[in-house]
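First up is the structure itself, then whatever we jot down about it.
Number of protein chains: 2
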Amino acid sequence: MRRNDDTSMLEKVMLILQTFRTAGGPQRLADIARSTHLPKSTVHRLIQPLLDLNLLQRVDGGFALGLVLFELGELVPVKSQLRQAALPFMQDLFAATHQTVHLGVRDGYDVVYAEKIHGHGGVDLPSRIGGRLPLTCTGIGKALLAFALPEVLDEVLGQPLRRLTPHSITDLDLLKDEVSRVQTAGVAYDREEAAVGGCCVAAPVLVSGVAIAALSVSVPVAQFQPARLGPAVRTAALGLSRKLNRLW
Amino acid sequence: MRRNDDTSMLEKVMLILQTFRTAGGPQRLADIARSTHLPKSTVHRLIQPLLDLNLLQRVDGGFALGLVLFELGELVPVKSQLRQAALPFMQDLFAATHQTVHLGVRDGYDVVYAEKIHGHGGVDLPSRIGGRLPLTCTGIGKALLAFALPEVLDEVLGQPLRRLTPHSITDLDLLKDEVSRVQTAGVAYDREEAAVGGCCVAAPVLVSGVAIAALSVSVPVAQFQPARLGPAVRTAALGLSRKLNRLW
DNA sequence: GTCGTCGTTCCGTCTCACGGAACCTTCCTT
DNA sequence: AAGGAAGGTTCCGTGAGACGGAACGACGAC
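Listed in order, the protein sequences are those of chains D and G. Numbering of the first sequence is given in UniProt numbering, commencing with residue 1 and proceeding in unit increments. Numbering of the second sequence is given in UniProt numbering, commencing with residue 1 and proceeding in unit increments.
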């Protein structure tokens, strides 16, 4: 069964760490062994150095990801630069709307949420910083697609369309129409396509004409006012775009 | 030269990743080889699987930390739970003061910044999310110490006191006085002890009577108004403490 | 008591990590 | 154009140490 290719050990370590992506809470040794399909003795052996290096930490009933990962995570460019620049604009947007504000980037066929601001009240969305959703089901995703490089757009549209709610767009032609509408308007809407009861308005952040990120405001469907939110989101995204073009 | 102990490969991988903590920008293969003191061929061999696993990514002039690290970093308990709970209170505090707001936790003898909110204008502090400063030189640190377990306090005070500015407290007795004052007042001040020209007001977040984090507001020394900021920070920290005690 | 589960330790096999050396490619210098 | 320095890549012989099955000790449940 051992094939040939490469670094088996690193792969196992990553399997162990990835375990924590799905399982929320602390994981015990046996849990990890089960979900990775690795022998117990192997997991046990690998865990020790991970603890020493602070990639894992012991918590009450098992193990959790360690502080080193947190520190390294903050040094990933998407965070340290983009986020730094985006936060003030997100603050403004939040102050103006008092609704949940998201910043997202593209990774493969998903949008990865890089930042989120929300107040006490707002809708509680399934999104999480570092979390993923299909590009085609979210406002941010559609904004990213509409202003992506053409080959990226083709590549993504070549994939089977995923569905998160009954409102998710699963017809390719409808989606293409939607994308060209976004390209014209400069704003993307999500009408309960990612979560029932939740809508959002998104606008792309452009550097040299290409979307590298997108901002969005999410609201309960009852308060969905495109006419009011659209300009606010566009203004914030444009401001951020200008700032980044100046920096880079 | 090979000693004995354990996982040499993981250690090397960590050395490579840690390289990015000090060096800000992208690193090239030769840069990494130099700063890790590893042979070029070794670095080259280790980097390939790191790219495959998305722990590293290629950027214009070299390599940078990959998105996987960002995603895992967001799953570290200090983030996913504490931050989630704290953000709304930090929003409030920011809205009330329009000054930079920090959330910090203790790790060893340092405070690690878990979250930061700042507007367009504010002072630009050397702090960074995921960054570290000595406990004894910051408001957050002193708030954490004053409400830490006694053995933790002893342990930290047993270390040599570090100095970041001429105002940093480096006399053990003065520091002990300061800590007991914080214990009484429930608020810690930093008067240019971490950065010249910057002051801050901090209050501990208590769960079961022990500080697990602290909130602070940082202001330029000219606008330092303890009487106004103290209550605001205390209110936010108390609100967060209550919320956490309810959750846990 | 017995059984199931969890964490830990041992150890024989043999894979694959290791890094020196040689090579290729740019890019700069003269 | 020739020479040189530095970055990146490939090759390969050696032996350290990763691997995981198996057996063990420690709880806790029923």
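Glycine included, each C-beta is placed from N, C-alpha and C at the ideal position. In this text, all values refer to a predicted model and were calculated from it rather than measured experimentally.
Asked                                                                                                                 : Found
Amino acids of chain G, ordered along the chain, whose beta-carbon sits closer than 7 Å to that of Ile129 (chain D)   : Glu74
Buried or exposed by the 16-neighbour rule on C-beta atoms within 10 Å, applied to Arg106 (chain G)                   : buried
Val233 (chain D), DSSP secondary structure in three states                                                            : helix
Where the alpha helix (DSSP H) containing Asp173 (chain D) begins and where it ends                                   : Leu172 to Ala185
Proximal residues of chain D, C-beta to C-beta of Ala64 (chain G) below 9 Å                                           : Leu75, Val76 and Pro77
C-alpha gap between Val13 (chain G) and Leu46 (chain G), whole angstroms                                              : 7 Å
Proximity test, Cβ basis, 8 Å: Arg58 (chain G) and chain D                                                            : no
Contacts that Gly158 (chain D) makes with chain G (C-beta to C-beta distance below 7 Å)                               : The premise fails here: Gly158 (chain D) is roughly 22 Å from chain G at the closest Cβ pair, so nothing lies under 7 Å.
CB of Asp110 (chain D) within 8 Å of CB of Pro134 (chain D), strictly                                                 : yes
Meets three-Cβ-pair contact criterion under 8 Å: the region 202 to 217 of chain D and the region 96 to 103 of chain D : yes
Candidates D:Ala188, D:Tyr189, D:Ile16 and D:Val196: closest to Arg163 (chain D) by CA position                       : D:Val196
Under 9 Å by beta carbon: chain G residues contacting Gly119 (chain D)                                                : Leu87, Pro88, Gln91 and Asp92
Which listed residue (D:Glu178, D:Leu50 and D:Phe224) has its alpha carbon closest to that of Ala146 (chain D)        : D:Glu178
Entirely enclosed beta strand (DSSP E) segments - the region 27 to 63 of chain G, minimum 3 residues                  : 56 to 59
Simplified DSSP state of Ala146 (chain G), which is helix, strand or coil                                             : helix
Same chain, Cβ closer than 8 Å to Phe224 (chain G), five either side skipped, listed in chain order                   : Arg191 and Cys199
Short CB-CB distance (under 8 Å) between Phe70 (chain G) and chain D                                                  : yes
Chain-ordered neighbours of Val112 (chain D) on chain G, where CB pairs are closer than 9 Å                           : Leu67, Phe70 and Glu71
Residue closest to Arg181 (chain G), alpha-carbon to alpha-carbon, out of G:Val43, G:Gly139, G:Val221 and G:Gln159    : G:Gly139
Burial state of Ile16 (chain G) (16 or more Cβ within 10 Å)                                                           : buried
Within chain D, the residues that Arg21 (chain G) reaches when beta carbons sit closer than 9 Å                       : Glu71, Leu72 and Leu75
Short CB-CB distance (under 8 Å) between Met1 (chain G) and chain D                                                   : In this prediction, Met1 (chain G) has a pLDDT of 32, which is less than 50 and means its spatial position is unreliable; nothing more can be read from the coordinates.
Val78 (chain D) beta carbon less than 8 Å from that of Phe63 (chain G)                                                : no
Proximal chain D residues relative to Asp107 (chain G), where beta-carbon distance stays under 7 Å                    : Leu67
Those residues which DSSP pairs with Ser218 (chain G) across a bridge                                                 : G:Thr100 and G:Cys200
Separation of Ile169 (chain D) from Gly209 (chain D), as counted between CA atoms                                     : 26 Å
is_contact[Leu17 (chain G), chain D] using C-beta, thresh 8 Å                                                         : yes
Rounded Cβ spacing between Leu75 (chain G) and Phe20 (chain D) (contact assumed at less than 8 Å)                     : 5 Å
Val207 (chain G) to Val68 (chain D) span [Cα, whole Å]                                                                : 24 Å
is_contact[Leu53 (chain G), chain D] using C-beta, thresh 8 Å                                                         : yes
Boundaries (first-last residue) of the beta strand (DSSP E) holding Glu115 (chain D)                                  : Asp110 to Ile117
Extent of the continuous beta strand (DSSP E) run through Leu133 (chain D)                                            : Arg132 to Pro134
Rounded Cβ spacing between Leu65 (chain G) and His44 (chain G) (contact assumed at less than 8 Å)                     : At roughly 18 Å, the Cβ-Cβ gap does not stay under 8 Å, so Leu65 (chain G) and His44 (chain G) are not in contact.
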